[in-house]
Every structure is written in structure tokens, then in C-alpha cells.
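Colleague: According to my numbering, numbering within the sequence shown proceeds without interruption in unit steps and concludes at 574.
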Amino acid sequence: MYYIGLDIGSSSIKVALVNASSGENILSLNEPETEMEIVALQSGWAEQDPNLWWNYVCNGIKRVLSETNIDVSKISGIGISYQMHGLVIVDKDGNPLRNSIIWCDSRAVEIGEKAHKDLGEEFCSNHLLNSPGNFTASKLKWVKDNEPEIYSKIYKYMLPGDYIAYKLTGDITTTKNGLSEGILWDYKNDTLAESLLSFYGIDRDLTPKIVENFTNQGITTKKAFEATGIPAGIPVTYRAGDQPNNALSLNIFNHGEVAATGGTSGVVYAVTNTLKSKEASRINHFTHVNYTKENTTVGKLLCINSCGIMYRWLKDNIGIDSYEAMNNKAAEVPIGSNGVVIIPFGNGAERMLDSKDIGAHFLNFNLNLHNNAHLCRAALEGIAFSFVYGMEILKNDNAEINVIRAGNDNLFRAEIFSNTVATLIGHEIEIYNTTGAVGAARAAGLTDGDFEKFGANITKNDHVMTFMPLENKTAYQKAYLNWKKELEIILKNT
81 MYYIGLDIGS SSIKVALVNA SSGENILSLN EPETEMEIVA LQSGWAEQDP
131 NLWWNYVCNG IKRVLSETNI DVSKISGIGI SYQMHGLVIV DKDGNPLRNS
181 IIWCDSRAVE IGEKAHKDLG EEFCSNHLLN SPGNFTASKL KWVKDNEPEI
231 YSKIYKYMLP GDYIAYKLTG DITTTKNGLS EGILWDYKND TLAESLLSFY
281 GIDRDLTPKI VENFTNQGIT TKKAFEATGI PAGIPVTYRA GDQPNNALSL
331 NIFNHGEVAA TGGTSGVVYA VTNTLKSKEA SRINHFTHVN YTKENTTVGK
381 LLCINSCGIM YRWLKDNIGI DSYEAMNNKA AEVPIGSNGV VIIPFGNGAE
431 RMLDSKDIGA HFLNFNLNLH NNAHLCRAAL EGIAFSFVYG MEILKNDNAE
481 INVIRAGNDN LFRAEIFSNT VATLIGHEIE IYNTTGAVGA ARAAGLTDGD
531 FEKFGANITK NDHVMTFMPL ENKTAYQKAY LNWKKELEII LKNT
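1. For the beta strand (DSSP E) that contains Leu109, what are its first and last residues?
2. Could you tell me which whole alpha helix (DSSP H) segments of length 4 or greater appear in the segment 206-231?
3. Report, in whole angstroms, the separation of the C-beta atoms of Ile496 and Ala555, which I expect to be a contact under 8 Å.
4. Could you please give the first and the last residue of the uninterrupted beta strand (DSSP E) stretch that includes Leu86?
5. Could you spell out the range, first to last residue, of the beta strand (DSSP E) harbouring Arg319?
6. Taking the beta strand (DSSP E) that Ser161 falls in, what are its first and last residues?
7. Which stretch, first to last residue, makes up the beta strand (DSSP E) that contains Cys383?
8. Does Leu167 come out as helix, strand or coil in the three-state DSSP assignment?
9. Between Lys224 and Ser180, what straight-line distance do the alpha-carbon atoms span, to the nearest angstrom?
10. Assuming Phe333 and Phe531 form a contact by the criterion Cβ under 8 Å, report the distance between their Cβ atoms to the nearest whole angstrom.
11. If you compare alpha carbons, which of Asn451, Leu209 and Tyr267 is closest to Gly373?
12. Looking at Ile106: is its Cβ nearer than 8 Å to the Cβ of Ser161?
13. Report back the beta-carbon spacing between Glu104 and Val95 to the nearest angstrom; my notes put them in contact at under 8 Å.
14. Gly343 by DSSP, collapsed to three states: which one?
15. In this structure, how does DSSP classify Ile389 when only helix, strand and coil are distinguished?
16. Between the alpha carbons of Gly426 and Asp437, how many angstroms are there, rounded?
17. Could you work out which residue in Glu480, Ser186, Asp198 and Thr503 is closest to Ala429 when comparing CA atoms only?
18. Look up Gln122 in the DSSP assignment and say whether it is helix, strand or coil.
19. Closest to Gly336 by C-alpha separation, out of Val351, His454, Leu382 and Val468, would be which residue?
20. Would you kindly work out how many angstroms separate the C-alpha atoms of Ala583 and Thr500, rounded to a whole number?
21. Taking the beta carbon of Thr253 as the centre, do at least 16 other beta carbons fall within 10 Å, making it buried, or is it exposed?
22. Is the Cβ-Cβ distance between Tyr243 and Ser156 less than 8 Å?
23. Taking all protein chains shown into account, decide if Ala120 is buried (16 or more other Cβ within 10 angstroms of its Cβ) or exposed.
24. Assign Lys558 to buried or exposed, taking buried as 16 or more other Cβ atoms, counted over all protein chains shown, within 10 Å of its Cβ.
25. How big is the Cα-Cα spacing for Gly281 and Asp401?
26. Does DSSP put Arg493 in a helix, in a strand, or in coil?
27. Between the Cα of Ile481 and those of Asn490, Phe492, His507 and Leu460, spot the shortest distance and give me the residue it belongs to.
28. Counting only the same chain and skipping the five closest in sequence on each side, list residues whose C-beta sits under 7 Å from that of His196.
29. For the alpha helix (DSSP H) containing Ile363, list its first residue and its last residue.
30. Quick check: the Cα distance between Val316 and Lys194, rounded to an integer number of angstroms?
31. With Val468 as the anchor, note down where its alpha helix (DSSP H) starts and where it stops.
32. If we count the other Cβ atoms within 10 Å of its Cβ and call it buried at 16 or more, is Ser232 buried or exposed?
33. Within 10 angstroms of the Cβ of Glu115, are there 16 or more other Cβ atoms? Answer buried if so, exposed if not.
34. Is it buried or exposed, Leu447, if we count other Cβ atoms within 10 angstroms and call 16 or more buried?
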């Protein structure tokens, strides 16, 4: 038997086929070959056509079925991961009324800030665990205020993954996970955040039916079979936003477990069972994939906009043609980069820095003493220190960090980077070779709730290596404190 996993990104659609019993990844691929278009009609806007996602989902599934030549009657479930915080609105026939306003669109920032102020910080922290921010609920309010003719035709609003589930099954549904990603879940009352909807003047009936994760959320239709090749009657049994799903893919389910990503941006996603936050404006909180009223696991998500993009910029501008060569160069330089400090925040406002846009800074570079090797090391250290700084914020907000797991396709592959983070945090970092689409495919089989077996299969199939904290951490601590001192001077003057 087999499971199919879909990962609906803003740059591409990933499709994976896994063995249902072992969890082994049989084939994974991306559609399209080049990045999908993001429409920006104004500065700060970002939109995509939901049917563009669907077309590439269909293409990707057909390719997987063709290239593996499996018996399609043996497909037993579908899991969906998707870009978080997006808004899809449809009419009574299920047709999108406009492009999706996706995660990186910032048009609703002021709407969310006003809601946070008017509802009150205490209310938002206790009920929403977040500022309403620039998330799905605020984007829907923007449509209401700015496109009233379109708003009047809305039958239901959805998250991106909800729309793909609808195209497969014909059922318009959502999940607690999805609602929490849109800041549409009231944790205190364990229900739809009707208070925020009421504040925004949005009819609660626009909310789809809520279904549980890890259960039959609808079955594929004949129309979906004609579009994808997946037989009618196959259940969609899982869906979650990309960051909670990334955590699931890394076997992160319990209090004290942390998933980390060091791609273009960096993410630290710490699972906790404490429904409290002092940092609702700097950290996002979402129901984790295994959240229930009795098991209140939430993910504290801290984002670092400037991460891999900093290292990529350096590669493109100092005459070194590969990351491996940069890592080798960095290894020539001692811990602390002989005093060179790079503050890597050069990719817009940073939520964890109270939404300040401080830019990137190259400090203490001596033209007579330092060379490109020092820049390589200082960049790796600066990004690593950003993760440590963020984890300190998480720890101050009731998060525990007992183990960190990361994928094998980003900065965590760099020994200097992972050693620096592991040593300063004082916890091991486990590296796994997996993807969001593979995780979603495997999660399609979690209807039995056997998370222990699920995790064992991940360890068996995907574990690559583990970075342990180094015993002698004095030099790392000295370098971090020097970096932190420079950062705090910049923050004070910004």
C-alpha cells in the first residue's frame, strides 16, 4: 500500500509517494521546474491563483504515478502540507473569487495592529496566543474593507491546504490547525475565535466545517480522478501548515522538542504544552498537529528572515562558487572570527526584534588582518548566534529545549553552524534527510494515533547524524556575547 503527500509551497508544489508500512520514500518531485509566479500588484502585496496550485498538483501526481508505475488501487491515503497564513475565498460553486493573498503579503499589517491594540494585549495573549497580525483573519478583513463587491459573494474562506483538499474531495472543510494559523482559534475557549471575527464584522458562517486531523476528511471524487489519476474513494486523512508539518516530518510531537530550519529564512518551532505567552508580538503560536483539548500541544514559532539569504549573498559577492568552499574557508579561522562580527538581519523587518528593520552589519573588519575566510566564518557564526538569540526569547516564554531536529537540506549541514548552535544551547542537534511532502505522505497513515511507531520509522529511514555540544564552550560564549553586545547597540540606536 502507498500514501501520497503534497506540499503546497509558494515557489513550487512537491509530491511524494511513500511505502505505507515502512514509511520509505519511493519518489519525490517538484512542479514546476521553475518557480511559480507571485503576483505583486502593489509594493508589499503577494498573490497567487489557487488554480495554479491545483494544476501543478495534478501534473505532479500524474508524474509520480507514471514514473513509479504503481498499482493505483493500492493508494490508501493522502496527506497535505501547505504554505501558512494564506487566504482563499470562494463562491457557492467553490470557485475562487480572487487570487489568494499569500503568506508574504503585508497589506493587512495595520489592520492586525489596530485589532491588537483595540482588543487589548491581555485578551490577545490569553485567547489568541498571538497578535492578530498580518494573518488570514486580517487579510479577510482587508477584503471586506477594500473589495466589498467580492466580499459580498463569499461562501467560505479557506487556507491554501483547505482549497486543495476541496479540489480532491469536493468538501469545503478546515482544521483547528488551519484556523490557528490564521489567528482564528480561541485557545482559552477551545473554539473558533468568534470574538475576533465579531470585531472584524465577519460572519462566522463563512468559516468551513471543522474536521479533525488524522481522520477521514473526505474522499477523492471522480472529477479528481480524471484530473490526477488517483482513484475515486481515496481519503484525505491529514493536512497542516508547512511549519507544523515540518516538525511532524522530524518526529517533533512533545513538550521540549524543537524543529529548526535554516533555509532562505530560519525557523525555530518549539513544541510546548503551556498555553501562555509573554511574547505574543515576537513569537507566533499555532496548534500543533497532535493538539487536542486534553493534549494542548502548541508550536511556538520564531522566524529569522535573514538566514540562508545572508550566506547566499556572501557567496554571490566574494568570489567563492560553492557553499562547501565557503565552509572550508570558514574552518581556517578560529572561533570568533578574530573579532569580525556580522549582524545578518538584512532581509526586512524582524518580528523577533520587535519588527525593527536594522539591516545587515559587517563590523570590526580590518583590511590588514582579515580576508574572505573571516567573512565566511563570521557569517556562519552570525546566523548561528541569531538562532541562539531567538531560542533565548523562546526559553523566556515558557519553552523548553531538550532536543533539536533539523533537515539535511539547509545550513544545519554546515559543521561550524551546527556546532555553534548545539554548544551554546547545550543540546544535541539531530539531522534528518526528509521533506515536507514525505512527512505529509507518512502522516496520512497516522489515523491510528501511533506516534511512537511513526517516529521510529523516521529514525530508521532518515537519521543522518547528530551534532553534540562541545565540552569546551568558553570561546563560543565569548564570541556570542561580543556579537550580542554589538546587536544591542544597534537595536538601541534604531
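Every residue gets a Cβ at the ideal spot worked out from N, C-alpha and C, and that includes glycine.
Modeller: In short:
1. Asn105 to Glu111
2. With a minimum length of 4 residues, the continuous alpha helix (DSSP H) runs that stay inside the segment 206-231 are 216-226 and 228-231.
3. Rounded, the Cβ-Cβ distance is 12 Å, inconsistent with contact.
4. Tyr82 to Ile88
5. Val316 to Gly321
6. Ile155 to Tyr162
7. Run containing Cys383: Val378 to Ile384, per the beta strand (DSSP E) assignment.
8. strand
9. 14 Å
10. 5 Å
11. In the sequence under discussion, the amino acid at residue 373 is Lys, which differs from the Gly named in the question. Considering only alpha carbons, the answer is Tyr267.
12. no
13. Incorrect: roughly 16 Å between the Cβ atoms, too far for contact.
14. coil
15. helix
16. 8 Å
17. Ser186
18. DSSP places Gln122 in the coil class of the three-state scheme, outside both helix and strand.
19. Val351
20. Given a span of 81 to 574 for the chain in the structure shown, any question on residue 583 remains unanswerable.
21. buried
22. no
23. Per the 10 Å Cβ criterion, exposed.
24. exposed
25. 54 Å
26. helix
27. Ranked by Cα distance from Ile481, the first of Asn490, Phe492, His507 and Leu460 is His507.
28. Cys204, Ser211 and Pro212
29. Careful: Ile363 lies outside any alpha helix (DSSP H) and carries neither H nor E.
30. 38 Å
31. Asn452 to Lys475
32. Exposed, because fewer than 16 other Cβ atoms sit within 10 Å of the Cβ of Ser232.
33. exposed
34. Classification of Leu447: exposed, given that the 10 Å Cβ count is below 16.
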